[in-house]
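S.K.:
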Amino acid sequence: MAAAAMSSPTTPSTARSMGGIATTSATPATTPLPPPAAASSSSNTNPSSSISFSEVQYITEGCASNLRLDGRSCGDYRPYTISNAHHQSTTQNGGAYNGGGGKEGPLVLSNGSSRVLLPGCTTDILCSIRAELVKPAPSSPHHGIVDLSVEYQHSGGSNKRSGRAEELEISSILSKLLLPQLVNRQDLCIMPHKYVWRLFVDVLILSCDGCVLDACAMAIRSAMSCTLLPKVTPVFQGDAAETMTASGGAGGKGGGRRRDNDFLIDGDITHALPPPGVEKHCPVIVTVSVLTQSSVDYEEPSITLQNDEAAAPAARRSRVRRRQILVIDTRSEEEACASSKVTVSVDPQGNVCGVHKHGGKGTLTIGALGEITGIAVSCSKKVLGMMQQESAKAAAVDGEGGNTTVGENMLRGHFELR
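Just so you know, we're using full-length UniProt numbering here: the sequence shown kicks off at 1 and counts up by one.
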């Protein structure tokens, strides 16, 4: 694909830094960059790797000027919309859950669910969490079980093989960075050696325009925050009147009395509680893409004349300079230009829980890795604030008596099977 290289409209200025993201010594224009002439408009889940050199140069120069294709700076997020079923024990009118208050529960056969959207459905991800009572693993009789499954929605068979490989990669990275801190598994124990909660976290990626790990983590965290586990009461052997209550589906680990395999499950949803510690310990994921800008500097050789004789022309020396540009919440076109990507897991207290490098053969120095983790920590606060704002909006709409239900919001544009 032949196309002339374009440069982003900039004006000379002094170097500066914005939000911890590297910028160049150029002031970006106030209007978004126009798309390059040879740019492709593909927004599939698997971005096309056949991006031309002029497109790479155009996108990289725009990011170097802190001005991206959609008008954002290198440290800005896109306007995500997060929908979930915000559970509450009673409505404002005192009615029971799902009774007269205009609220609906999560997706069918789910204990909790959420949906992450971008305008135009360029990114559309559903997450469903189901809970079952199972026997614990022999190696960890006091711990619950959390399983993760990621699936793409493919329109044809050509991308099925590559999509399956990407599903396994996403599931592997999230299992390492997110699941260990998603919930305290000891709180999922009902009866040691007998019964524990097993959570099935199912993620369906309908479409994604870059930064799929971050969007999946948002959906999982939002779904976990609204997950409800029924109250389970183990029954003591020989004395059914004396029971030990497992609050919120957890506990039941003390006692000393003999217990049989019987337990009581409270079917009243108003008595169910979410797994404790989700809002406090569940981390968020920030992916920082590293774009490399190369420039060539030429040095003119010095010529010395002796005895008024012209010296032979010397070859010019060239030196290649490479500069790394750090960008968050990248689109598919920007990800195709990245030399490498670093995904960082950060808890709500700002502690780094894990780091994973993927998506390229580029190398990073220790100093660059420290800068990337610092950017991820600062950006994690933006993600948490964005999710809290979405929750506040949903609560405000429900408090005003809106007619649109949670189920309608979450499944608009798709079929709901019952």
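For glycine and all other residues, C-beta sits at the position ideal for the given N, C-alpha and C.
It should be emphasised that the depicted structure is a prediction, and the values quoted were computed from it without experimental measurement.
Let me check understanding here. Comparing Cα to Cα, which of T343, S339, I375 lies closest to residue 421?
M.R.: Absent from the structure is residue 421, since the part of the chain shown begins at 1 and ends at 418.
S.K.: Cβ of V235 within 9 Å of Cβ of I372?
M.R.: Counted from its first residue, the sequence shown places residue 235 at position 235. Counted from its first residue, the sequence shown places residue 372 at position 372. At a Cβ-Cβ threshold of 9 Å, V235 and I372 do not count as neighbours.
S.K.: The beta strand (DSSP E) spanning Y195 covers which residue range?
M.R.: Here residue 195 is taken as the residue at index 195 of the sequence shown, counted from 1. Note, Y195: beta strand (DSSP E), 195-207.
S.K.: Within a Cβ cutoff of 6 Å, which residues of the same chain sit near S380, ignoring the five residues on either side of it in sequence?
M.R.: Position 380 of the sequence shown, counted from the first residue, corresponds to residue 380. Closer than 6 Å at the Cβ level, and outside the excluded window around S380, lie V284, V286, V346.
S.K.: What are the start and end residues of each continuous alpha helix (DSSP H) run of 4 or more residues lying completely inside the segment 325-376, in chain order?
M.R.: 332-337
S.K.: Just confirm the distance between the C-beta atoms of K341 and G360, as a whole number of angstroms; I'd bet it's less than 8 Å.
M.R.: Position 341 of the sequence shown, counted from the first residue, corresponds to residue 341. Position 360 of the sequence shown, counted from the first residue, corresponds to residue 360. K341 to G360, Cβ: 7 Å. Contact.
S.K.: Please list, in chain order, all residues of the same chain as V352 whose beta carbon is under 8 Å from its beta carbon, the five residues on each side excluded.
M.R.: Taking the sequence shown and counting its residues from 1, the one referred to as residue 352 is at position 352. Result list for V352: V344, S345, V346, T373, A376, V377, in chain order.
S.K.: Pull up the distance between the alpha-carbon of P136 and that of K231, whole angstroms please.
M.R.: Here residue 136 refers to the residue found at position 136 of the sequence shown. Here residue 231 refers to the residue found at position 231 of the sequence shown. Cα atoms of P136 and K231: separation of roughly 18 Å, rounded to the nearest angstrom.
S.K.: For L133, report the span of its beta strand (DSSP E) as first-last.
M.R.: Translated into positions along the sequence shown, residue 133 becomes position 133. For L133, the uninterrupted beta strand (DSSP E) run begins and ends at 124-134, by DSSP.
S.K.: Which same chain residues, not among the five before or five after Y298, have their C-beta less than 6 Å away from its C-beta?
M.R.: Working through the sequence shown from its first residue, we reach residue 298 at position 298. Closer than 6 Å at Cβ, skipping near neighbours: R316, S318.
S.K.: Rounding to the nearest angstrom, what Cα-Cα distance links L107 and K393 in this structure?
M.R.: Working through the sequence shown from its first residue, we reach residue 107 at position 107. Working through the sequence shown from its first residue, we reach residue 393 at position 393. Distance between the alpha carbons of L107 and K393 is about 20 Å.
S.K.: Starting from the Cα of P276, find the closest Cα among M224, H356, C127 and give me that residue.
M.R.: Translated into the one-based positions of the sequence shown, residue 276 becomes position 276. When only C-alpha atoms are compared, the closest one is M224.
S.K.: Helix or strand or just coil, what does DSSP make of A219?
M.R.: Working through the sequence shown from its first residue, we reach residue 219 at position 219. Looking at A219 - three-state DSSP - the assignment turns out to be helix.
S.K.: I'd like to check one pair, P348 with H281: are the Cβ atoms closer than 9 Å?
M.R.: As a first step, residue 281 must be located in the sequence shown, where it is residue number 281. As a first step, residue 348 must be located in the sequence shown, where it is residue number 348. Between H281 and P348, the gap from beta carbon to beta carbon is short of 9 Å.
S.K.: Who are the Cβ neighbours of D202 in its own chain at under 6 Å, not counting the five residues just before and after it?
M.R.: Here residue 202 refers to the residue found at position 202 when the sequence shown is read from its first residue. Excluding residues within five positions, the ones whose Cβ falls inside 6 Å are S128, S149.
S.K.: Per DSSP, what are the beta-bridge partners of P230 in this structure?
M.R.: In the sequence shown, counting from the first residue as 1, residue 230 sits at position 230. According to DSSP, P230 bridges with nothing at all.
S.K.: When we look at the beta-carbon of G62 and count the other beta-carbons within 10 Å, is it buried (16 or more) or exposed?
M.R.: Taking the first residue of the sequence shown as position 1, residue 62 is located at position 62. Answer is buried; the Cβ neighbour count reaches 16.
S.K.: What do you get for F53, buried or exposed, if any count of 16 or more other CB atoms within 10 angstroms of its CB means buried?
M.R.: To locate residue 53, count along the sequence shown from 1; it is residue 53. Exposed: under 16 other Cβ atoms inside 10 Å.
S.K.: Please report how far the alpha carbon of S391 lies from the alpha carbon of S295, in whole angstroms.
M.R.: Reading the sequence shown from its first residue, position 391 is the one you call residue 391. Reading the sequence shown from its first residue, position 295 is the one you call residue 295. So the two alpha carbons sit approximately 46 Å from each other.
S.K.: Applying the criterion that 16 or more other CB atoms from any shown protein chain within 10 Å of the CB defines a buried residue, is G385 buried or exposed?
M.R.: Against the sequence shown, residue 385 aligns to sequence position 385. Under the 10 Å beta carbon count, G385 is surrounded by fewer than 16 other beta carbons and is classified as exposed.
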